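Below: the structure, in structure tokens.
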Amino acid sequence: MRWGKTALAVGIVLVVGDGLSGCGTVGQCVDWVSMSSAEQFRAASLVVDADVRTTDRTVEATGRYRVHEASVTDVRKGRTPHDRIDVIATSDQCTTNGEPVQYVEGDPLAHPGAYRLYLTRRQAGGAWRLVVPGAAERLDG
Numbered sequence: 365m366r367w368g369k370t371a372l373a374v375g376i377v378l379v380v381g382d383g384l385s386g387c388g389t390v391g392q393c394v395d396w397v398s399m400s401s402a403e404q405f406r407a408a409s410l411v412v413d414a415d416v417r418t419t420d421r422t423v424e425a426t427g428r429y430r431v432h433e434a435s436v437t438d439v440r441k442g443r444t445p446h447d448r449i450d451v452i453a454t455s456d457q458c459t460t461n462g463e464p465v466q467y468v469e470g471d472p473l474a475h476p477g478a479y480r481l482y483l484t485r486r487q488a489g490g491a492w493r494l495v496v497p498g499a500a501e502r503l504d505g
């Protein structure tokens, strides 16, 4: 098994207790492995091209995430029973249950447009989530 996939299989999440993580009282810090588009494709259970827009809804998944609505235009891997799915952008920062998540350079799906999304349902509070932070390619410039 390749390094990127091995690291993902072993677990890319490092849970750190109080004080060490800087996440507050109950937090989770993630040590993400950098993945190429090909590795993101292999790790994802669903890869779609979609028109994405931000909603005013949130979902709890180790922190409060803004929900984005993705109107699927093409399925590249996997299956989705709906042409619209809820998506959250995986945080690249420590998260705290109940608090809004933060991003180093902002939510990568904050701007409406066409994206290729590399997704999984693991720990996403009922929505699909990006397999790693930044696992979204802008398709419309």
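Under my numbering, the residue at position 29 of the sequence shown is numbered 393, and the numbers go up by one with no gaps. No residue lacks a Cβ here, since even glycine has one placed at the ideal position from N, Cα and C. On a predicted model such as this, the values are computed, not experimentally measured, just so you know.
- Item | Pairwise C-alpha distance: Thr444 and Ser409 | Stepping through the sequence shown from its first residue, residue 409 is reached at position 45. Stepping through the sequence shown from its first residue, residue 444 is reached at position 80. Whole-angstrom Cα-Cα distance: 10 Å.
- Item | DSSP three-state assignment for Ile376, whether helix, strand or coil | One-based indexing of the sequence shown puts residue 376 at position 12. Reliability fails at Ile376, whose pLDDT of 38 lies under 50, so the model's placement of it is uncertain and the value that follows must be treated cautiously. Three-state DSSP puts Ile376 in coil, outside helix and strand.
- For the candidate residues Val431, His432 and Asp447, whose alpha-carbon lies nearest to that of Asp438? If you number the sequence shown from 1, residue 438 lands on position 74. For the residues Val431, His432 and Asp447, the minimum Cα distance to Asp438 belongs to Asp447.
- Query: Does DSSP classify Arg493 as helix, strand or coil?
  - Reply: Looking up residue 493 in the sequence shown gives position 129. Residue state, collapsed to three classes: strand.
- Item | Residue interval of the alpha helix (DSSP H) (run including Ser401) | Looking up residue 401 in the sequence shown gives position 37. Taken as a continuous stretch (DSSP letters only), the alpha helix (DSSP H) holding Ser401 covers Ser401 to Ala407.
- Query: Looking at C-alpha atoms only, which residue of Arg486, Ala474 and Arg485 is the closest neighbour of Glu501?
  - Reply: Working through the sequence shown from its first residue, we reach residue 501 at position 137. The candidate whose alpha carbon is nearest that of Glu501 is Ala474.
- Message: For Asp415, list the residues DSSP reports as bridge partners.
- Response: Counted from its first residue, the sequence shown places residue 415 at position 51. BP columns for Asp415 point to Ser435 and Ala478.
- Task: Kindly indicate the opening and closing residues of the beta strand (DSSP E) around Glu501.
- Result: To locate residue 501, count along the sequence shown from 1; it is residue 137. Its beta strand (DSSP E) spans residues Ala500 to Arg502.
- Alpha carbon to alpha carbon, what distance is there between Phe405 and Arg485? Your numbering for residue 485 matches position 121 in the sequence shown. Your numbering for residue 405 matches position 41 in the sequence shown. Cα-Cα distance, rounded: 14 Å.
- Task: Indicate the three-state DSSP secondary structure (helix, strand or coil) for Thr454 in the structure shown.
- Result: The residue you call residue 454 lines up with position 90 of the sequence shown. In this structure, Thr454 counts as coil in the three-state DSSP scheme.
- Classify Glu469 as helix, strand or coil using the three-state DSSP reduction. By one-based count along the sequence shown, residue 469 stands at place 105. In the structure shown, Glu469 sits in coil (DSSP, three-state: anything other than H, G, I, E or B).
- Item | Three-state class that DSSP yields for Arg421 in the structure shown | Working through the sequence shown from its first residue, we reach residue 421 at position 57. In the three-state reduction of the DSSP assignment, Arg421 falls in the strand class.
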